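For the record, the sequence lines run as chains A, B, C, D, E and F.
Quick note: the first sequence uses the numbering used here, first residue 1, plus one each step.
Quick note: the second sequence uses the numbering used here, first residue 257, plus one each step.
Quick note: the third sequence uses the numbering used here, first residue 513, plus one each step.
Quick note: the fourth sequence uses the numbering used here, first residue 769, plus one each step.
Quick note: the fifth sequence uses the numbering used here, first residue 1025, plus one each step.
Quick note: the sixth sequence uses the numbering used here, first residue 1281, plus one each step.
Working notes for the structure below.
There are 6 protein chains.
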Amino acid sequence: MRPNRLRELWRTGGAAVNGWLAIPNSFSAETMAHQGWDSLTIDLQHGMVDYATMVPMLQAISTTPTVPVVRVPWLEAGILMKVLDAGAYGVICPMVNTREDAQRLVAYTHYAPRGTRSFGPVRASLYGGPDYAAHANDTIVTFAMIETAAALDHLDDILSVEGLDAIYVGPSDLSLALGCRPVFDDVDPKAAEAIDHILARAKHHGVVAGIHNGTTEAALARIAKGFQFVTVGSDARLMAAGARQVVDRMQAGLGR
Amino acid sequence: MRPNRLRELWRTGGAAVNGWLAIPNSFSAETMAHQGWDSLTIDLQHGMVDYATMVPMLQAISTTPTVPVVRVPWLEAGILMKVLDAGAYGVICPMVNTREDAQRLVAYTHYAPRGTRSFGPVRASLYGGPDYAAHANDTIVTFAMIETAAALDHLDDILSVEGLDAIYVGPSDLSLALGCRPVFDDVDPKAAEAIDHILARAKHHGVVAGIHNGTTEAALARIAKGFQFVTVGSDARLMAAGARQVVDRMQAGLGR
Amino acid sequence: MRPNRLRELWRTGGAAVNGWLAIPNSFSAETMAHQGWDSLTIDLQHGMVDYATMVPMLQAISTTPTVPVVRVPWLEAGILMKVLDAGAYGVICPMVNTREDAQRLVAYTHYAPRGTRSFGPVRASLYGGPDYAAHANDTIVTFAMIETAAALDHLDDILSVEGLDAIYVGPSDLSLALGCRPVFDDVDPKAAEAIDHILARAKHHGVVAGIHNGTTEAALARIAKGFQFVTVGSDARLMAAGARQVVDRMQAGLGR
Amino acid sequence: MRPNRLRELWRTGGAAVNGWLAIPNSFSAETMAHQGWDSLTIDLQHGMVDYATMVPMLQAISTTPTVPVVRVPWLEAGILMKVLDAGAYGVICPMVNTREDAQRLVAYTHYAPRGTRSFGPVRASLYGGPDYAAHANDTIVTFAMIETAAALDHLDDILSVEGLDAIYVGPSDLSLALGCRPVFDDVDPKAAEAIDHILARAKHHGVVAGIHNGTTEAALARIAKGFQFVTVGSDARLMAAGARQVVDRMQAGLGR
Amino acid sequence: MRPNRLRELWRTGGAAVNGWLAIPNSFSAETMAHQGWDSLTIDLQHGMVDYATMVPMLQAISTTPTVPVVRVPWLEAGILMKVLDAGAYGVICPMVNTREDAQRLVAYTHYAPRGTRSFGPVRASLYGGPDYAAHANDTIVTFAMIETAAALDHLDDILSVEGLDAIYVGPSDLSLALGCRPVFDDVDPKAAEAIDHILARAKHHGVVAGIHNGTTEAALARIAKGFQFVTVGSDARLMAAGARQVVDRMQAGLGR
Amino acid sequence: MRPNRLRELWRTGGAAVNGWLAIPNSFSAETMAHQGWDSLTIDLQHGMVDYATMVPMLQAISTTPTVPVVRVPWLEAGILMKVLDAGAYGVICPMVNTREDAQRLVAYTHYAPRGTRSFGPVRASLYGGPDYAAHANDTIVTFAMIETAAALDHLDDILSVEGLDAIYVGPSDLSLALGCRPVFDDVDPKAAEAIDHILARAKHHGVVAGIHNGTTEAALARIAKGFQFVTVGSDARLMAAGARQVVDRMQAGLGR
């Protein structure tokens, strides 16, 4: 089975630089996949993407060595299994709040005896190889998002679930949940403290910690702290920021 | 009928700042349309877009005051009329090389008696208004691309065709045609001279001149020379450039 | 944030005339949006529409002042949050049967502290404005459908859930649930009584009442009774009825 | 090969009642196909439809006995052959202006020795049957649109082209071409005269005459005159008219 | 209402030969539908298909007498009701593990009073007929998949749920669940025994038994044992096997 | 620039085994691309594929070393340039009948000074590499189809056009054109003679000869004669043949 570069990076203590895809299109995905990201996450939760569009996006990413990851809309068995069958090498699940949530996540994403994932890796075996079934459990990466007050309350319960490879922090949702401003990088102290706490507990449990960032500065600082999977920006944000800059410069140049 | 802001800008000697869409998706189009461009051109020639995807992209642009323009793949009656029926307020036609080409272009894009455009503005009348038929000929803008050696040979013949509102220079194709490097901004002297010549003749004939640029600097310089419609970058290029910058900074920060 | 015209109408005691979209296409949606409806509901439950097609339909509606509403297939967090992120200004949720159902519905559709909606209004902030996060909770409208025997049993429990703005009656499902014929307007007495009861209790709790109708006569009569959100027909039904009338007249005229 | 009901109707002097599809969707097409039309024409010219969407629309029509017809965007070999390979049993070609145009149309739509249609009826043989190749030339119906001044000038030249089965009049384009108002039914005298002339010459040459109408009254009157293929309305127009009527009645009832 | 050929076959003790669709396309579906299968199952679980693509696939199947069946991704009310509204005449639900699961499945797929299916057979009544509502409960077929250890534990509880028409065995998932190799036909003894047991109990409860097979030999052998619904291969597998055979022969012939 | 394996095979006198894609879907394309073909041709002429669907199919093929080829619907500049910009490494153009046709084909598919291809390899440079512009003219392969009586008349004129890399014989169209039965392999003597003649003249001019086949036997025999590019079957035909075989065996086994 094709190895998962995320696991290889993590094994040596390295951190993965992850890009984010909110635009539901395979050409923009392929363009992003050629920019050198370690992995790209197709966002089926807040991105404008659904399953049908995700498939050619996964194919587009598969033309490069970039690792394909998918964030699902919710902790729901149907979609989790579908994105894996389509060839995702990592899944990020939002709002994992309890030990039971984490157990269901692990069950849905692993074949028996480790879980209850149904068997039918129709595209996954094209991408991963004919021995996919034998190695998928140890190759695919499962992330639980820690982004609510409930999740903080059950943090150790969640982190100690066997088979959970990683957690992913959504700073804006976590901030909202704690009554702070919903931002990515410059979070309020209460949120900052929670993030540090999550990271520390993840380290303690041997679970990889990932986080969403708005800037490279924040991402690098967080890697320095111990995060091993950092997202910066997204296709749509990068495009909009670039466009805004062009328009602003033109307006200024034209004295409008 | 909804007025065409391009004509309004030009009437007072102003220049329009145009964005470019190569990604075949209505969400990226809508995101671009919110960044303040005067107009956005959906590229059915070199962009990855075809008619069916263009329709929701036009709808997305129609949620803002940005003027929707379409570049067609070729001087072909069927697609020219279809993009107008779909509500484009401007069309850019590649490789107009002779007076006859320009006459066909004008004929296909105007109703009788000015041309032979077939009647059926199915979406155009939703966007333009119920009086579309009466005013379309004077509202829509038609651009002929000047980008070949043949076009240079027949420049005055082309520019003097009645009903041709504007020309659009493709610097890379023009450069290739003249044996120069295919670039947007820093063109070889021979190409630069040709561009100046085209601009001068367009001015002489009272035809608006537009041009593709790679940077805001080039675009502003060209406006200063007299161009009144300048494109800078594209959705895909802006996105890729932003992504590349993030990845480069991360690689540098990580010492890779 | 762009205000919600439904709330404005209701504030002054007015009623909204709502159209219904079952055809999964953005051109038919845009055509409908130009006919003067106060709001249009994209039906992801019984309509042939899913998330991916809904997005350009929302964009099409956004070219007009018509308020975009979406009926989701089921009370499921993933899809509820996705339709809101895509810019729906109202959501209708089928088969809300208990107080707990209504509480989950309100939680999924509101940001903390009022609920647990995850943060990422990717298209919603294009449509609503950059201050979307601050005002969404007070702008978006949440409808619970009352259409089962269980819902009748728990009517006051449901109606008293804080944050539930409105209810929506599906007369055919409600009729079926009560052992009556599944019709929209001329419902059996038992169903008629139930509808009156629902309206009265909604009024009592200060919750807006909406209902599906087959004809304008029924809709006007129901507004007269106190309903403030009435649907009449649907894109597909109106088209089919018009077509059938044409064919019938032609057959008659041709003596077939 | 499945027979063509249009030919059967015409053989006995009957007229076909044709519906029109401008909405690019297979569900609206299937709904229309269940309303009793003799044939349905998918409009790739002024409708919002392209080849890719046309395919499932043809499949949707194929669930009923309604004859599938396609209007192509232009007299272009590629698209004419593609719509036939996809299973259209009739093609309408816009703006056939000369004998040479008509000859090319016939050539592109018939196999050798009658024409130069390329062989590959990939879906057509599913719909028509395994003996499609042997009978297609005598089963499919080819319409040339007569709608320009040039076409009037070359009317007999066009009508006498062997293999041209039918002509189709676009009253609004014909009116525009003659300097009249672009309407369907109540055309200006000059256009009315031209229409009568076209019908008379078609009859003389044994070519079936078809025409676009806005109302059943006009369609019936034209059948009475001798037209044997009449279109009334379209999916989008019927839907919009129905919606407008509902909204108008609601507004009136609400005293707005 | 159009009768369900599956029920007709079963009534006389016959077995249905079922094809399988994993390719998300209506042309491949129509091609498959012309090969003589009694029924075709569109696989929304492990196939690459989602709701939006399923709709034209159902339309494609509806051009033939083949019975359209859909496997849903999971036991979830929203999608179960949507596939029925779209005209599926059979639904297969994965991983039905308990009596409560089976009861929910039956409830979601039947109208009151037998269940809680919401009313709105938008396309289903085009396919089934205007009297769909009256007969759907007795026409549509509901399959529960038996493929886990839990399901084996609760087998009689599941099989005795009123309204469950059939069960469907997934040999590879069942094998995995029992610690055996995930294969279709030549299953390990423990799995073989379980399959025989499931068949016997289904017979006892008067529930039709179906099963997935890799070869016609296995399928025929299982029919001989009493299975009445057998799947062999899938569109993608048949295509890949045919292609591999061609390539192998060419390689051999070329001495590569 | 990524080298073109077709050229590498031909350089050493080898023959390429080509697969054919008529199903408009990227998953079936990816499945085919994993079966070991040297190249895969996406058929935009008789296949059910158009530009928009072709793009993800090209991406799917790009996940493997298989060379992506596209057959365009017709000799039309717009679509020829679009398929190249999308990353096709070979184009097959139907019905090239004259020297002028062949010259236009070469012009449209090569950059200046060899031709007039417009510059904008948006996806092609992702697939081919950043130096695409410099090497495309020598890397991409252009095939002219020889399949009409006219082409036979102008055979040497066509074959001597500089820049034409290969010809492709469509045996069924060629047969039709010569009054023979439209078959792939066992063609009538007159067609067989014509094919031999084409091959001989192509060899004489140093132009590679390719041909469509129905069976591996025919393909191998033709390679033995000197053809260097042979197609066998297609995705849809292989799938249908496999399905028909399963159904036939089941019917036989069931004694139907």
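From the three backbone atoms N, C-alpha and C, an ideal C-beta is built for every residue, glycine too.
All values derive from a computational prediction rather than experimental measurement.
Are the Cβ atoms of residue i and residue j separated by less than 8 Å?
| i | j | result |
| --- | --- | --- |
| residue 52/A | residue 1074/E | yes |
| residue 1313/F | residue 1344/F | yes |
| residue 227/A | residue 210/A | yes |
| residue 1471/F | residue 1458/F | yes |
| residue 413/B | residue 354/B | yes |
| residue 1026/E | residue 1065/E | no |
| residue 273/B | residue 239/A | no |
| residue 266/B | residue 247/A | no |
| residue 314/B | residue 343/B | yes |
| residue 411/B | residue 457/B | yes |
| residue 1358/F | residue 329/B | yes |
Report the CB separation of residue i from residue j in whole angstroms; it is logged as a contact under 8 Å.
| i | j | result |
| --- | --- | --- |
| residue 316/B | residue 282/B | 4 Å |
| residue 1253/E | residue 1039/E | 7 Å |
Residue i: which of the options sits nearest, CA to CA?
| i | options | result |
| --- | --- | --- |
| residue 1407/F | 1359/F, 1493/F and 1348/F | 1348/F |
| residue 657/C | 679/C, 673/C, 599/C and 758/C | 679/C |
| residue 1454/F | 881/D, 847/D, 955/D and 797/D | 881/D |
| residue 981/D | 966/D, 991/D and 999/D | 999/D |
| residue 850/D | 830/D, 834/D and 822/D | 822/D |
| residue 1309/F | 1285/F, 1414/F and 1342/F | 1342/F |
| residue 1440/F | 1479/F, 1412/F and 1484/F | 1484/F |
| residue 252/A | 455/B, 280/B and 472/B | 472/B |
| residue 233/A | 131/A, 218/A and 48/A | 218/A |
| residue 664/C | 557/C, 710/C and 601/C | 710/C |
| residue 44/A | 737/C, 674/C, 592/C and 601/C | 592/C |
Excluding the 5 residues preceding and the 5 following residue i in the sequence, name in chain order all residues of the same chain whose CB lies nearer than 6 Å to its CB.
| i | result |
| --- | --- |
| residue 196/A | none |
| residue 1417/F | 1390, 1391 and 1394 |
| residue 628/C | 619 |
| residue 388/B | 257, 377, 380 and 381 |
Roughly how many angstroms lie between the CA atoms of residue i and residue j, to the nearest whole one?
| i | j | result |
| --- | --- | --- |
| residue 1172/E | residue 378/B | 55 Å |
| residue 264/B | residue 256/A | 15 Å |
| residue 859/D | residue 988/D | 23 Å |
| residue 500/B | residue 493/B | 10 Å |
| residue 351/B | residue 1467/F | 43 Å |
| residue 275/B | residue 101/A | 45 Å |
| residue 1117/E | residue 119/A | 14 Å |
| residue 694/C | residue 1148/E | 16 Å |
| residue 150/A | residue 1194/E | 38 Å |
| residue 1356/F | residue 396/B | 26 Å |
| residue 646/C | residue 516/C | 14 Å |
| residue 35/A | residue 497/B | 9 Å |
Beta-carbon within less than 8 Å of residue i's beta-carbon, same chain only, minus the 5 sequence neighbours each way: which residues are those?
| i | result |
| --- | --- |
| residue 684/C | 694, 695, 696 and 724 |
Might you give, ordered along the chain, the residues of its own chain that have their beta carbon closer than 7 Å to the beta carbon of residue i, omitting 5 neighbours on each side?
| i | result |
| --- | --- |
| residue 692/C | 699, 700, 702 and 703 |
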